[in-house]
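If you want the working numbering, it's the 1-based position in the sequence shown plus 9. Quick reminder that beta carbons are idealized off the backbone N, C-alpha and C, glycines included. Source: prediction; values computed, not measured. The next block holds one structure in the form of structure tokens; read it before the comments.
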Amino acid sequence: MARWENTIQTNQEVHRLKREAVLREAGRLFSRNGYHNTSLDEVASTLGVSKGTLYNYVTDKQDILFSFHQMALEIARRVIAEAREKGENGLEKIKLATGNYIREVGEELGGYGVIAEISALKPEDRKVIIEMRSEIERAYSDFMQEGAKDGSLSAVDPKMALFTFFGAVQLVPNWFSPEGNLSPAEVADAITDILIYGMATPS
């Protein structure tokens with residue numbers, strides 16, 4: 010019985026790894042050519058498999074797009090939880106969450122600008138992603154309010170600050186390239202400093 014369970018787990022793991030390979034390749038093509046200009050035929054050709062084989066791992070282009078958004082938002086959830094645990098004040102929590110998000114999206118999702126492509130999602134998928142984004146926005150709003158109370162952040166308009174932050178951070182995948190001069194960690198540090206500088210109280 011144990012051997013049978015191990016076999017099932019191994020098959021599931023192989024399927025997961027192959028699906029991830031499809032997503033990575035699709036992400037590179039979507040980023041380079043645009044989501045709407047890239048077909049699954051091109052993804053299959055680049056991977057050296059048939060389109061039929063591709064359908065063993067993804068349903069369609071919408072499945073890929075939705076998966077990218079989910080992965081990016083799961084990263085956001087993770088780094089926010091870490092920031093809550095490790096940050097000593099509102100400013101530090103925002104710096105940790107923002108820097109780690111940019112770095113991890115760059116390292117795990119590469120240059121996948123497709124995660125900014127929310128309007129192309131199916132209505133039901135878009136609703137899920139918007140709800141997840143709202144959760145992230147609430148967490149950032151809490152950090153900003155905390156920073157205003159503890160004196161680490163200026164009393165800026167929370168909604169305006171949120172729009173500025175998310176507008177800048179969500180567009181990073183549109184221009185970031187793993188083959189560029191800066192690593193994901195360096196990009197994260199630079200952008201975090203720029204975004205935070207206007208909010209931090211004078212030292």
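As assigned by DSSP and simplified to three states, the class of residue i
i	result
Leu74	helix
Trp13	Low confidence applies to Trp13: its pLDDT is 44, below 50, so where it sits in the model is not reliable, and the reading given next is rough at best. Three-state DSSP puts Trp13 in a helix.
Ala157	helix
Glu140	helix
Gly96	coil
Gly61	helix
Tyr110	helix
Leu171	helix
Host alpha helix (DSSP H) of residue i (start-end)
i	result
Tyr44	Note, Tyr44: premise wrong, no alpha helix (DSSP H); not H, not E.
Ile203	Pro193 to Tyr206
Ser161	Element bounds for Ser161: n/a, residue is neither H nor E.
Leu56	Leu49 to Leu56
Leu130	Careful: Leu130 lies outside any alpha helix (DSSP H) and carries neither H nor E.
Backbone CA spacing between residue i and residue j [nearest angstrom]
i	j	result
Lys83	Ser59	The displayed chain sequence assigns Glu, not Lys, to residue 83. Distance between the alpha carbons of Glu83 and Ser59: 31 Å.
Ser163	Ala157	6 Å
Ala85	Ala199	18 Å
Gly214	Val23	A question about residue 214 goes unanswered here, because the residues of the chain that appear run from 10 up to 212.
Pro167	Arg135	24 Å
Lys102	Asn46	39 Å
Gln154	Thr201	18 Å
Ala148	Ile89	7 Å
Arg33	Val52	10 Å
Leu74	Ile145	19 Å
Asn171	Ser150	One point to set straight first is that residue 171 is Leu, not Asn, in the sequence displayed. Their Cα atoms are separated by approximately 7 Å.
Tyr44	Gly61	20 Å
Trp13	Tyr64	Bear in mind that the predicted position of Trp13 carries a pLDDT of just 44, short of 50, making it unreliable; the figure below should be weighed with that in mind. For Trp13 and Tyr64, the distance between alpha carbons rounds to 26 Å.
CB contact below 8 Å: residue i versus chain B
i	result
Val178	The question asks about chain B, but that chain is absent: this structure has only one protein chain.
- Message: Counting beta carbon pairs with one atom in the stretch 183 to 198 and one in the stretch 100 to 118, are three or more of them shorter than 8 Å?
- Response: yes
- Item | Validate contact between the stretch 124 to 137 and the stretch 63 to 82 using beta carbons, cut 8 Å, 3 pairs | Touching, per the Cβ criterion.
- Counting Cβ pairs closer than 8 Å, one from the stretch 29 to 47 and one from the stretch 93 to 110, do we hit at least three? no
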